[in-house]
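The listed protein sequences derive, respectively, from chains W and S.
One point on numbering: in our numbering, the residue at position 108 of the first sequence is 323, and numbering is uninterrupted.
One point on numbering: in our numbering, the residue at position 299 of the second sequence is 1060, and numbering is uninterrupted.
Each residue gets a CB set at the ideal place from its N, CA and C atoms; glycine is no exception.
Some notes on the structure that comes next.
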Amino acid sequence: MSATILKLVAQRVALGIVLLLAVSVLIFVGTQILPGDVAASILGQSATPEAVANLRQELGLNDPAYVRYFRWLGGVLTGDLGKALSSGQDIASSLGGRLWNTLFLAFWAAVVSVPLAIILGLIAVRYRNGFVDKLISGLALASTSLPEFFIGYLLVYFFAVKWQIFPGISTVYEGMPFIERMQAIALPATALTLVVLAHMMRMTRAAILNVMQSAYIETAELKGLRPIEIIRRHAFPNAIAPIINVVMLNLAYLIVGVVVIEVIFVYPGMGQYLVDHVAKRDVPVVQAVGLIFAAVYIGLNIIADIAAIVANPRLRHPK
Amino acid sequence: MSNELEFLSRYVAKGKLSRRDFLGRAAALGVSATFANSLLSSAVRAAGPVKGGLLKAGLQGGESSNVLDPALNLSQVNFNFGKCWGELLVELAPDGSLDYRIAESIGSSPDAKTWTMKIRKGIEFHDGKPVTPDDVVATLERHADAKSKSAALGILQGIDSMKVNGDEAIVTLKDPNADFPYLMADYHLVIQPNGGKDNPNAGISAGPYKVTVNEPGVRYGGEKFANYWQGDKLGHADQVEIVVINDPTARMSALQGGQVNMINRVEPKIVDLIKRVPGVTIQTVSGRGFYPFNMFCDTAPFDNNDLRMALKLAMDREELLSKILRGYGSVGNDFPINEAYPLFSNDIEQRKFDPDKAAEYYKKSGHSGSILLRTSDVAFPGAVDAAQLYQQSCAKAGITIEIKREPGDGYWSEVWNKQPFSLSYWGGRPTQDQMYSTAYISNADWNDTRWKRPQFDKMIITARGELDEGKRKKIYRDMAVMMRDEGGLIVPFFNQYIDASGKGVQGWTANPAQEMCNGYALALCWLEA
């Protein structure tokens, strides 16, 4: 059995790597067709033709695209993401702290949102089609339907400006005391939670409801088990695969989709970093960030696949 | 009357009379609230700054790609932080005169070519070493190096040679330049140990604060430099912090929420709303920045001065000022200088909207068909709306303007200074000579109106070498009139710097040179006890 799983896992990982390579080509091509010239964008309104020519030479922008692609790919494979064009700083080192900040925010948002979504989903199933179910679904759908920047501004307005409970800007830095750090991320984490909550909650509810139609649930009911016990012991374990899938998708969103939230709350994460450098046409940084986002997305999807395989005997023993 | 008010204002400063009572009394005496408030703040200032504490600014204009090297400072955050830790040879005082810093005095030879800067003794760098004339010369050398990427390279190009003579730094110029001392106030020219040649990003100079935190695009911090040469004159807070907040809404909410004490770049459209927020004070000052409509004087159809005149007369400047800047600015007069510059002549007739005369000139020009005007959101805030308002006012004079909205990406490389009629911005320069030499001399790279007049070039150069202020002022007046009546520049308005300070912030001293009290807001202000 374990050999089959290993083979399946190896297949997924290999597929992931191929996908990542394809993405790297896409990212590279995408950054090449951006309008405007890197050198001119860096120098801004103060660009003289000589300065632009000097900078282009210095940045190696005069080589053909494929040469630059393989040079870049080679660097990435050896852990060298290159230097930012605009500041000359090493990308890998400046990205490290940013990535950690983004993961920190995503982690706490996930710690709150995943259990909350699943528990709310379970409760909704327990009281399905009743008032509680409708209330939970309604609120969750409402929070998802609002654009995230609007949720962000609402939170800032009430919690930072009106009541002044939490800071409206979430600047965090190295060596910041843990309590202060948690206070700083309270609002962005809440905003993220509200954004991803409904999707996971609805999926949990739907997946369990699906299982609830099965004959063995009826048997369990006839045995006289309490409804919440039936859901916990019989329905939930069998509905876990789609739930894991949607949880992973949302975790990926927490990491790669936070650009807007980071900008609103001035949170020094990857999104903010990406926006700054897109504006400056800093292609190596955009490529590096794009690649990391793609890796996170693909990685979490592989984990979701594998978890689904492990949780599902039918996938473990394919005919 | 004012004696009584002054007396009362000191009472307020001492805390014996409430601010509200004071303003009530002032109103009873028939004094405007603005004047009463300014009286009050000067009294509070006289009562003495409060020392200590932490002062925080939330600023727009910082990217994670920034570095500390003053030569590469371009955006607002680096500019403001540079004023916290850096020290310059001279600074611009709020009245436009020179405030001598590391240079104790600057003198010139009669031909305005050799300039001698006496370096003040006893100034210390943050690393404990004394500031010497050698450091000054090394700094200028680094910025003047043709290979340097320094933004101050342009203004130092006129330097022929430099040397140290005892406690003096002597600079010889290729051509006379009476503005030399003003050029030394350029904010890039922070004096660094050995000119920063060893490590330009070290963040060491002789300013009121030492660099403690340097997280590009996130935040910067400084702590009071104990041996600051001006002692208590600058740097009242023990610690200062700059938080980079590029989003205008977030900046405003941070100020309202009390997380920062001051912010820059308040959008004109929200100023009137913000004024009502308790504790928040809007700080405005007229700057030298302006938003031009540029016509190429050498490209058809703009090579015809009658058409240029028609296009100038067809602009309703008052309307643009009130609708685009909400009145936070002043109308332009089709030359790039306003009263914020030294040696400005305020007796030049203001050009007004005159559709009839514009129609007359337009007919005389013989042009027919529409005129293409290029604009973009990045030209300046509200540039697209400004183009549309202009289109309407032109229509009243029978001139058809066709607007082309260009993408923001590549606007500065593909449109500005490339297309014959477009919108742009200029940040202004410390002196008139600088502004004219940057963009209105025949061979300038950035001659964005293609204004090529040998006579005008000659006037620029004559004025530059003229040490007699009266004569210079006269030349500048003639140049202004010439540009106004023949140039390719239409100036709807000059903008204002709009900043805001929060509860209890005292000591704000507006300076037309730049935003945030010319970058010194953190060093000048303190929090009311």
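Chain-ordered neighbours of residue 480 of chain W on chain S, where CB pairs are closer than 8 Å:
Here residue 480 of chain W corresponds to residue number 265 of the first sequence, with the count starting at 1. In chain order: 1011.
May I ask which residues mark the beginning and end of the alpha helix (DSSP H) holding residue 1001 of chain S?
The count along the second sequence starts at 1 and reaches residue 1001 of chain S at position 240. Counting along the chain, residue 1001 of chain S falls outside any alpha helix (DSSP H), though it belongs to the beta strand (DSSP E) covering 1000-1005.
Coil, strand or helix - residue 487 of chain W by DSSP:
Here residue 487 of chain W corresponds to residue number 272 of the first sequence, with the count starting at 1. Under the three-state reduction of DSSP output, residue 487 of chain W falls in the helix class.
Near-chain W residues of the stretch 972-987 of chain S (beta-carbon distance less than 8 Å), N- to C-terminal order
Correct list: 974, 976, 977, 978, 979 and 980.
Are residue 1264 of chain S and residue 982 of chain S closer than 8 Å when you measure CB to CB?
Along the second sequence, one-based indexing puts residue 1264 of chain S at 503. Along the second sequence, one-based indexing puts residue 982 of chain S at 221. Cβ atoms of residue 1264 of chain S and residue 982 of chain S: not closer than 8 Å.
With DSSP collapsed to three states, give me the class of residue 335 of chain W.
To locate residue 335 of chain W, count along the first sequence from 1; it is residue 120. DSSP, read as helix, strand or coil, puts residue 335 of chain W in helix.
Can you confirm whether residue 1008 of chain S, when its beta carbon is compared against all beta carbons of chain W, has any partner nearer than 8 Å?
Walking along the second sequence from the start, residue 1008 of chain S turns up at place 247. Yes, its Cβ sits closer than 8 Å to a Cβ of chain W.
Less than 8 Å between the beta carbons of residue 956 of chain S and residue 1069 of chain S, yes or no?
Locating residue 956 of chain S in the second sequence gives position 195, counting from the first residue. Locating residue 1069 of chain S in the second sequence gives position 308, counting from the first residue. Cβ distance not < 8 Å, so residue 956 of chain S and residue 1069 of chain S don't count as in contact.
Starting from the beta carbon of residue 919 of chain S, find every residue of chain W whose beta carbon is closer than 7 Å, and list them in chain order.
For the purposes of this step, residue 919 of chain S is taken as residue 158 along the second sequence, with counting starting at 1. Correct list: empty, because the minimum Cβ distance to chain W is about 17 Å.
What in chain W is Cβ-close to residue 909 of chain S, meaning under 9 Å?
Locating residue 909 of chain S in the second sequence gives position 148, where the first residue counts as 1. Ordered by position in chain W, no residue passes the 9 Å Cβ test against residue 909 of chain S, which lies about 11 Å from the chain.
Identify the contact partners of residue 1004 of chain S in chain W, using a Cβ-Cβ distance below 8 Å as the criterion.
The count along the second sequence starts at 1 and reaches residue 1004 of chain S at position 243. Result: 384, 386 and 481.
Tell me whether residue 1192 of chain S is buried or exposed, calling it buried when 16 or more other Cβ atoms sit within 10 Å of its Cβ.
To locate residue 1192 of chain S, count along the second sequence from 1; it is residue 431. By the 10 Å Cβ count, residue 1192 of chain S comes out buried.
Three or more C-beta pairs below 8 Å linking the stretch 302-314 of chain W and the stretch 482-489 of chain W
With the cut-off at 8 Å, the stretch 302-314 of chain W and the stretch 482-489 of chain W touch.
Look up residue 1141 of chain S in the DSSP assignment and say whether it is helix, strand or coil.
For the purposes of this step, residue 1141 of chain S is taken as residue 380 along the second sequence, with counting starting at 1. Correct three-state label for residue 1141 of chain S: coil.
Between the C-alpha atoms of residue 886 of chain S and residue 516 of chain W, what's the straight-line distance to the nearest angstrom?
Within the second sequence, numbered from 1, the residue matching residue 886 of chain S stands at position 125. Within the first sequence, numbered from 1, the residue matching residue 516 of chain W stands at position 301. Each residue's alpha carbon lies about 55 Å from the other.
Tell me which same chain residues have a C-beta within less than 7 Å of the C-beta of residue 325 of chain W, skipping the five on either side of it?
Stepping through the first sequence from its first residue, residue 325 of chain W is reached at position 110. Shown here for residue 325 of chain W: same chain residues with a beta carbon closer than 7 Å to its own, the five before and five after excluded, namely 466 and 469 in chain order.
Using 8 Å as the limit for Cβ to Cβ distance, is residue 1290 of chain S near chain W?
Locating residue 1290 of chain S in the second sequence gives position 529, where the first residue counts as 1. Judged by the 8 Å Cβ criterion, residue 1290 of chain S is not in contact with chain W.
Kindly provide the ranges of any alpha helix (DSSP H) runs that are 4 or more residues long and lie completely inside the stretch 377-430 of chain W, ordered along the chain.
Counting only runs of 4 or more, we get 393-427.
Inter-residue Cα distance where the pair is residue 1256 of chain S and residue 1102 of chain S:
To locate residue 1256 of chain S, count along the second sequence from 1; it is residue 495. To locate residue 1102 of chain S, count along the second sequence from 1; it is residue 341. Roughly 14 Å separates the two Cα atoms.
4 or more residues per run - each alpha helix (DSSP H) lying fully within the stretch 1068-1105 of chain S:
Qualifying alpha helix (DSSP H) stretches, in chain order: 1078-1085.
Once the 5 residues before and after residue 1223 of chain S are set aside, which same chain residues still bring their CB inside 7 Å of it?
Here residue 1223 of chain S refers to the residue found at position 462 when the second sequence is read from its first residue. Only 1236 meet the Cβ criterion.
Option in S:1001, S:997 and S:859 with minimal Cα separation from residue 972 of chain S
One-based indexing of the second sequence puts residue 972 of chain S at position 211. Out of S:1001, S:997 and S:859, S:1001 has the C-alpha closest to the C-alpha of residue 972 of chain S.
Just the chain W side, please: which residues come within less than 9 Å of residue 1014 of chain S by C-beta, in chain order?
Residue numbering aside, residue 1014 of chain S sits at position 253 when the second sequence is read from its first letter. At a C-beta separation below 9 Å, residue 1014 of chain S has these neighbours in chain W: 368, 371, 372, 375, 376, 383 and 384.
Contacting residues, own chain, Cβ-Cβ under 6 Å from residue 864 of chain S (five flanking each side not counted):
For the purposes of this step, residue 864 of chain S is identified with residue 103 of the second sequence, where counting begins at 1. Within the same chain, 850, 851 and 878 come within 6 Å of residue 864 of chain S by CB-CB distance, once the 5 residues on both sides are set aside.
Within 10 angstroms of the Cβ of residue 219 of chain W, are there 16 or more other Cβ atoms? Answer buried if so, exposed if not.
The residue you call residue 219 of chain W lines up with position 4 of the first sequence. By the neighbour-count rule (16 or more Cβ atoms within 10 Å), residue 219 of chain W is not buried but exposed.
In its own chain, which residues sit with a C-beta less than 6 Å from the C-beta of residue 1176 of chain S, not counting the 5 before and 5 after it?
The sequence position of residue 1176 of chain S within the second sequence is 415, counting from 1. In chain order, 1135, 1167 and 1183 place their CB closer than 6 Å to the CB of residue 1176 of chain S, counting only its own chain and leaving out the 5 sequence neighbours on each side.
Near-chain W residues of the stretch 1020-1041 of chain S (beta-carbon distance less than 7 Å), N- to C-terminal order:
Within the stretch 1020-1041 of chain S, the qualifying residues are 1020.
Would you decide whether residue 996 of chain S is buried or exposed? Buried here means 16 or more other CB atoms lie within 10 Å of its CB.
Taking the first residue of the second sequence as position 1, residue 996 of chain S is located at position 235. A residue is called buried once 16 or more other Cβ atoms fall within 10 Å of its Cβ, and residue 996 of chain S is buried on that count.
Could you name the residues of the same chain whose beta carbon sits closer than 7 Å to that of residue 544 of chain W, not counting the 5 residues immediately before and after it, in chain order?
In the structure as shown, chain W begins at 216 and stops at 534. Residue 544 of chain W is therefore absent and cannot be evaluated.
In or out: residue 434 of chain W buried (at least 16 other Cβ within 10 Å) or exposed?
Translated into positions along the first sequence, residue 434 of chain W becomes position 219. Residue 434 of chain W is exposed by the Cβ-count criterion.
Only counting the same chain, and skipping five residues up and downstream in sequence, which positions put a Cβ closer than 6 Å to that of residue 284 of chain W?
For this step, residue 284 of chain W is matched to residue 69 along the first sequence. Within the same chain, residue 284 of chain W has close Cβ partners 243.
Using alpha carbons as the reference points, say which of W:452, W:421 and W:443 lies closest to residue 527 of chain W.
As a working mapping, residue 527 of chain W is identified with position 312 in the first sequence. The candidate whose alpha carbon is nearest that of residue 527 of chain W is W:452.
Where are the beta strand (DSSP E) runs, 3 residues long or more, that stay fully inside the stretch 1188-1220 of chain S, in chain order?
Qualifying beta strand (DSSP E) stretches: none in this window.
Taking the alpha carbon of residue 386 of chain W as the point to measure from, which residue in S:958, S:937, S:914 and S:977 has its own alpha carbon closest?
If you number the first sequence from 1, residue 386 of chain W lands on position 171. Just measuring C-alpha positions, the residue of S:958, S:937, S:914 and S:977 sitting nearest residue 386 of chain W is S:977.
Name the residues in the stretch 300-315 of chain W whose C-beta lies less than 9 Å from a C-beta of chain S; which are they?
Under the 9 Å Cβ criterion, the stretch 300-315 of chain W contributes 300, 301, 302, 303, 304, 309, 312 and 313.
Per-residue contacts from residue 819 of chain S into chain W (C-beta, under 8 Å)
The count along the second sequence starts at 1 and reaches residue 819 of chain S at position 58. Within chain W, the C-beta atoms nearer than 8 Å to that of residue 819 of chain S come from 384, in chain order.
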